[in-house]
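Down below is the structure, laid out as structure tokens.
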Amino acid sequence: MSTWPDARILNLLGIDLPIIQAPMAGATTTAMVIAASQAGALGSMPAAALSIEQLRDALTLIRQAGTRPLNVNFFCHQAPEANPEQDRRWKALLEPYYRELGADFAAPTPVSNRAPFNQAACEVIETFRPEVVSFHFGLPEKALVDRVKASGAKVLSSATTVEEAVWLEQHGCDAIIAMGIEAGGHRGMFLSDDLNSQIGLMALLPQVVDAVSVPVIAAGGIADSRGMLAAFALGASAVQIGTAYLFTPEASVSAAHHHALRHAQASETALTNLFTGRPARGIINRVMRELGAINPAAPAFPRAGGALMPLKARNEADFSNLWAGQALRLGHERSTYDLTRRLAAQALAKLG
Numbered sequence: 001m002s003t004w005p006d007a008r009i010l011n012l013l014g015i016d017l018p019i020i021q022a023p024m025a026g027a028t029t030t031a032m033v034i035a036a037s038q039a040g041a042l043g044s045m046p047a048a049a050l051s052i053e054q055l056r057d058a059l060t061l062i063r064q065a066g067t068r069p070l071n072v073n074f075f076c077h078q079a080p081e082a083n084p085e086q087d088r089r090w091k092a093l094l095e096p097y098y099r100e101l102g103a104d105f106a107a108p109t110p111v112s113n114r115a116p117f118n119q120a121a122c123e124v125i126e127t128f129r130p131e132v133v134s135f136h137f138g139l140p141e142k143a144l145v146d147r148v149k150a151s152g153a154k155v156l157s158s159a160t161t162v163e164e165a166v167w168l169e170q171h172g173c174d175a176i177i178a179m180g181i182e183a184g185g186h187r188g189m190f191l192s193d194d195l196n197s198q199i200g201l202m203a204l205l206p207q208v209v210d211a212v213s214v215p216v217i218a219a220g221g222i223a224d225s226r227g228m229l230a231a232f233a234l235g236a237s238a239v240q241i242g243t244a245y246l247f248t249p250e251a252s253v254s255a256a257h258h259h260a261l262r263h264a265q266a267s268e269t270a271l272t273n274l275f276t277g278r279p280a281r282g283i284i285n286r287v288m289r290e291l292g293a294i295n296p297a298a299p300a301f302p303r304a305g306g307a308l309m310p311l312k313a314r315n316e317a318d319f320s321n322l323w324a325g326q327a328l329r330l331g332h333e334r335s336t337y338d339l340t341r342r343l344a345a346q347a348l349a350k351l352g
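Take the sequence shown: its letters are residues 1 to 352, numbered as in UniProt numbering.
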């Protein structure tokens, strides 16, 4: 397949199709990454929820399956300072649910942790030498970025505003993911925590394209060939697709998440900070309705999730994050390979 409007991403990353399978922590499996890569897209392995040993095991499996280009994705947030009083107030807000579900409120609160990119993770990159390393929440310190680049990897990161896109280019990104507010999962915002700064993809994308010289990847609300064509028309070199891949058999989602994806209406997602402490888009459930999707009592990322874990264990549908983007009703039951090839073929046909 060729004759895409802009071949810069294909040439930069060594892929056949201008499609990036989004790295979705908890839902992306090695099978999904391998299948997306074999279809010609860029397969992306999320590392944020993995230990170093788990990451090594995952990358070993992927590399054993072939030599297609691989993206490994990391969070690069600043670990929050301890705030026992805020943690106490947050858990107290949840106490009625503990009583209702019979969870032990007096038991120690589980730890909810997401390790930012660090030296140990960088050593894994230097060992496995993935062709692409992508980041969420900005970039790590310059010394680590330099080591990633020295390993031969191209560096990507998400921008939710034009200002973030310009900052990422200035700090060494080879391509930028323009992340519209429609996207599922965590917002990649890092220069501001003001949700009012967040922009829809169709407005964000052309402004980012105009503001930077590196290729731009469109993300948010793209789940079919029509969305791909719209992104290309606005200057994107490629698209990053997430929610559509949650409908594939290679996705690892809970029974509650699986049901919600297939039954929620397009209007039933919202940005919420309840589950991790950072805004992320998911399907609205009971705790989001009753506490408010954005609640100032939620501790800083990633501490908010710990107090919810005992509730999630008893009622996943009501107390678990059900990440999904606004285009969830465009999802179809197809394998990762078939979905990827179908998206590309239909987009090319429409391009004429």
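Beta carbons are placed, not taken as given, at the ideal position from N, Cα and C, and that holds for glycine.
* Asked: Can E169 be considered in contact with the ligand FMN, in the sense that its beta carbon sits closer than 7 Å to one or more heavy atoms?
  -> The ligand FMN is not among the ligands present in this structure, which contains no ligands whatsoever.
* To do: Would you mind working out which of R262, R281, W323 and P249 sits nearest V33, comparing C-alpha positions?
  => P249
* To do: Can you grab the Cα-Cα spacing for the pair Y98 / A107, in whole Å?
  => 11 Å
* **Contact the segment 233-252 vs the segment 22-36: 3+ CB pairs below 8 Å** => Contact between the segment 233-252 and the segment 22-36 is present, because at least three Cβ pairs lie under 8 Å.
* Roughly how many whole angstroms lie between the Cα atoms of P18 and L93? -> Their backbone Cα atoms lie some 45 Å apart in a straight line.
* To do: Look up V212 in the DSSP assignment and say whether it is helix, strand or coil.
  => DSSP places V212 outside both helix and strand once states are collapsed to three, so it counts as coil.
* **Entirely enclosed alpha helix (DSSP H) segments - the segment 139-227, minimum 4 residues** => 142-150, 162-170 and 201-211
* **alpha helix (DSSP H) segment containing H77, residue limits** => Run containing H77: none; DSSP gives neither H nor E here.
* Asked: Between P299 and N11, which are expected to be in contact by the criterion C-beta below 8 Å, what is the C-beta distance as a whole number of angstroms?
  -> Incorrect: roughly 44 Å between the Cβ atoms, too far for contact.
* Let me know the secondary structure DSSP gives W323 once reduced to three states. => strand
* Extent of the continuous alpha helix (DSSP H) to which L101 belongs -> Per DSSP, L101 belongs to the alpha helix (DSSP H) from P84 to L101.
* Asked: Leaving out the 5 sequence neighbours to the left and right, which residues in its chain are closer than 8 Å to T3 when beta-carbon positions are compared?
  -> L348 and L351
* Based on the DSSP output, what are the partners of V133 in its beta bridges? -> Answer is V72 and V155.
* To the nearest angstrom, how far is it from the Cα of A223 to the Cα of P5? -> 19 Å
* Which stretch, first to last residue, makes up the alpha helix (DSSP H) that contains I9? -> R8 to L13
* To do: Count the C-beta pairs between the segment 63-77 and the segment 258-270 that are closer than 8 Å, then say yes if the count reaches three, no if not.
  => With the cut-off at 8 Å, the segment 63-77 and the segment 258-270 do not touch.
* Measure from the alpha carbon of A236 to the alpha carbon of each residue in Q78, T243 and A219, then state which is nearest. => A219
* **Any 3 or more C-beta pairs closer than 8 Å across the segment 312-332 and the segment 119-127** => In short, these stretches do not touch, since the Cβ pair count stays below three.
* **Option in K154, L205, A266 and L311 with minimal Cα separation from P69** => K154
* To do: List the whole-angstrom C-beta distance separating A231 from L205, where the pair is believed to meet the contact cut-off of C-beta under 8 Å.
  => 6 Å
* To do: Return the CA-CA distance between A79 and L246, expressed in angstroms with no decimal places.
  => 29 Å
* Asked: How would you write the range of the alpha helix (DSSP H) that T276 sits in, first residue to last?
  -> Neither: T276 is in no alpha helix (DSSP H) and is coded neither H nor E.
* Reducing DSSP to helix, strand and coil, say where M288 ends up. => Secondary structure of M288 (DSSP, three-state): helix.
* Just the C-alpha distance for T269 and T276, rounded to the nearest angstrom, thanks. => 16 Å
* **Environment of R187 [buried if 16+ CB atoms lie within 10 Å]** => buried
* To do: Verify whether the separation of the beta carbon atoms of A337 and Q86 is less than 8 Å.
  => As written in the sequence, residue 337 is Tyr, which differs from the Ala given in the question. In this structure, Y337 lies away from Q86, with their beta-carbon atoms at least 8 Å apart.
* Using a Cβ-Cβ cut-off of 8 Å (strictly less than) and excluding sequence neighbours within five positions of R314, which residues of its own chain qualify? -> L101, G102 and A103
* Asked: Secondary structure at residue 354, three-state DSSP: helix, strand or coil?
  -> Absent from the model: residue 354. The displayed extent of the chain is 1 to 352, so no value can be given.
* Does DSSP put A344 in a helix, in a strand, or in coil? -> helix
* Residue range of the alpha helix (DSSP H) that includes V111 -> Premise fails: V111 is in no alpha helix (DSSP H) and is neither H nor E.
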